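Take the sequence shown: its position 70, counting from 1, is numbered 121 in this note's numbering, and each next residue is one higher. Here a beta-carbon is modelled for each residue, glycine too, at the ideal position from N, C-alpha and C. All values reported here derive from a predicted model rather than from experimental measurement. What follows is one structure encoded as structure tokens, with my remarks underneath.
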Amino acid sequence: MDMFDFKNGRLFCEDVDVNTIAEQVGTPVFIYSAGTILDHFDKVDRAWGEVPHLICYAVKANSNVAILRLLVNHGAGMEVVSQGELFRSLQAGADPQKIVFTGVGKTTAEMEYALRHDIFLFAVESLPELLRLNDVASALGKTARFAVRLNPDVDPHTHAHITTGRAVNKFGLDPDSTIEAYKRAKELSNVVPVGIHMHLGSQIVSGRPYIEAVQKMLAVVERLDQLGTKIEYLDLGGGMGLIYRDEQPCTADELIGEIKPLVKDLGMTIIMEPGRFVVGNGGILVTQVQYVKEGPVKRFVVVDAGMNDLIRPALYGAYHRILSTRNVGPEMIVADVVGPMCESGDTFAKDRRIPAVRSGDYLSIMTAGAYASSMSSEYNSRPKCAEVLVRGDQFFTIRHRATLDNLLCNEEIPDFLGQPLPEKT
Ligand code: LLP
Numbered sequence: 052m053d054m055f056d057f058k059n060g061r062l063f064c065e066d067v068d069v070n071t072i073a074e075q076v077g078t079p080v081f082i083y084s085a086g087t088i089l090d091h092f093d094k095v096d097r098a099w100g101e102v103p104h105l106i107c108y109a110v111k112a113n114s115n116v117a118i119l120r121l122l123v124n125h126g127a128g129m130e131v132v133s134q135g136e137l138f139r140s141l142q143a144g145a146d147p148q149k150i151v152f153t154g155v156g157k158t159t160a161e162m163e164y165a166l167r168h169d170i171f172l173f174a175v176e177s178l179p180e181l182l183r184l185n186d187v188a189s190a191l192g193k194t195a196r197f198a199v200r201l202n203p204d205v206d207p208h209t210h211a212h213i214t215t216g217r218a219v220n221k222f223g224l225d226p227d228s229t230i231e232a233y234k235r236a237k238e239l240s241n242v243v244p245v246g247i248h249m250h251l252g253s254q255i256v257s258g259r260p261y262i263e264a265v266q267k268m269l270a271v272v273e274r275l276d277q278l279g280t281k282i283e284y285l286d287l288g289g290g291m292g293l294i295y296r297d298e299q300p301c302t303a304d305e306l307i308g309e310i311k312p313l314v315k316d317l318g319m320t321i322i323m324e325p326g327r328f329v330v331g332n333g334g335i336l337v338t339q340v341q342y343v344k345e346g347p348v349k350r351f352v353v354v355d356a357g358m359n360d361l362i363r364p365a366l367y368g369a370y371h372r373i374l375s376t377r378n379v380g381p382e383m384i385v386a387d388v389v390g391p392m393c394e395s396g397d398t399f400a401k402d403r404r405i406p407a408v409r410s411g412d413y414l415s416i417m418t419a420g421a422y423a424s425s426m427s428s429e430y431n432s433r434p435k436c437a438e439v440l441v442r443g444d445q446f447f448t449i450r451h452r453a454t455l456d457n458l459l460c461n462e463e464i465p466d467f468l469g470q471p472l473p474e475k476t
């Protein structure tokens, strides 16, 4: 259920008029619905029902600390892929015993930081990483709980850039190497195996790749059992897809209903790491039309959001629905919706039929809760935009629009170039 709906021709987020937020906070602005986010988290949580499970929200999807706190208060664990994401999770109050650290390139410093905070699990992606984890843990007098990330070589049938569970991808280890890693771990004194991990890719719409991969995972678990290595946690990663346009993703109930029979009697705890599914439908990006420009072959609606705010269309050719935030009349136009930036890729929609908006009107780019703000940048020296969280009939700024000074906050002019930067105004 998403809580963005029209009332009397005006787009509301829960009980707040999106236009009011845009007027008060300015644009571009990300607007999130707390209710929608929690509802989606609950869908995954409830689908596992009586099967012991832990839902670790994938922080990369949306890492605003208020969103993390919202989920932490709701009982969520966190899946992190960097020291920064771990820092954010801890600042949000996440229980370290519900944190999984994934990623192919954990540095020594990141391992130290995570071990000092006694996180629950490291998903290890290579033998050298396992050896390093053991060394780092040993130097700190700690023991690291780990899961090897299995690369099951399964095609999740999604965009190539977000496919991670095939043999050609850099992620995880093939089944034989996975077994070897656990064998090797027996000789290491500061790492202890507790689980096995996988993540197939993102925006997956069918249960089939999961079933195939879980079967491969269980075959590995059985081999490990024969070797005397007991696995208590099956981490199935994230990946559940959403409707951006006309996809027909299976629901959480359908997907988990398919996986459950394979795992429910094993006496293990399931970990899932949904990101997009939890926050994707819970956010929009509201932008103001600056100009409508009639070209010789096309019409362009130029808005004040850019690819620095939402890069998915430019990076993946991703489709996001675009709606007018208020009724501007029955007339429709066909236009490219473009940002102000200096690249032709700075395009949110091509030849899209949209209401006949004019300068000053607002457009809402939908399904922008996931991989939107968290992938934003300051390219073209555009300060990062504001973020607002709606709960019921109230809204709260959860990230202030960055200032021009913020742009320069870590920059410095060396002496040989003359005058230093003036003190911040
Ligand atoms: N766990 C691991 C280890 C991951 O690498 C990811 C996402 C997730 C969980 C969460 O996956 P989700 O449930 O969100 O599909 N920027 C891309 C998506 C990249 C996903 C990367 N890994 C996009 O905008 O489509």
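Counted as a single uninterrupted DSSP element, the alpha helix (DSSP H) harbouring Tyr164 occupies residues 159 to 167.
Taking non-hydrogen atoms of the ligand LLP into account, the C-beta of Met54 is found less than 7 Å away from none of them.
For Gly246, DSSP records a beta bridge to Ala198, Tyr284.
Here the alpha carbon of His210 sits roughly 16 Å from the alpha carbon of Tyr261. In the structure shown, Tyr430 adopts helical secondary structure according to DSSP, grouped into three states. The beta carbon of Met291 lies closer than 6 Å to those of Pro325, Phe328 in the same chain, with the five residues before and after it left out.
Secondary structure at Ser395: coil, using DSSP grouped into helix, strand and coil. Nearest Cα to Ser253 within the set Met162, Leu269, Pro300, Asp276: Pro300. With fewer than 16 other Cβ atoms inside 10 Å of its own Cβ, Ala190 counts as exposed. Under the DSSP assignment, Ile322 falls in the beta strand (DSSP E) whose first and last residues are 320 to 323. In this structure, the beta-carbon distance from Phe152 to Phe138 does not fall below 8 Å. Short of 7 Å from the beta carbon of Gly396, and not among the five residues preceding or following it, lie these beta carbons of its own chain, in chain order: Met358, Ala365.
Restricting attention to Tyr367, Lys401, Leu336, Arg350, the CA atom closest to the CA of Ser375 is found in Leu336. Taking non-hydrogen atoms of the ligand LLP into account, the C-beta of Phe328 is found less than 7 Å away from one of them. At least 8 Å separates the beta-carbon of Thr214 from that of Gly331.
With a cut-off of 7 Å, the C-beta of Thr215 is classified as near the ligand LLP, since at least one heavy atom of the ligand falls inside that distance.
When beta bridges are read from the DSSP output, Val353 appears opposite Tyr342, Val389.
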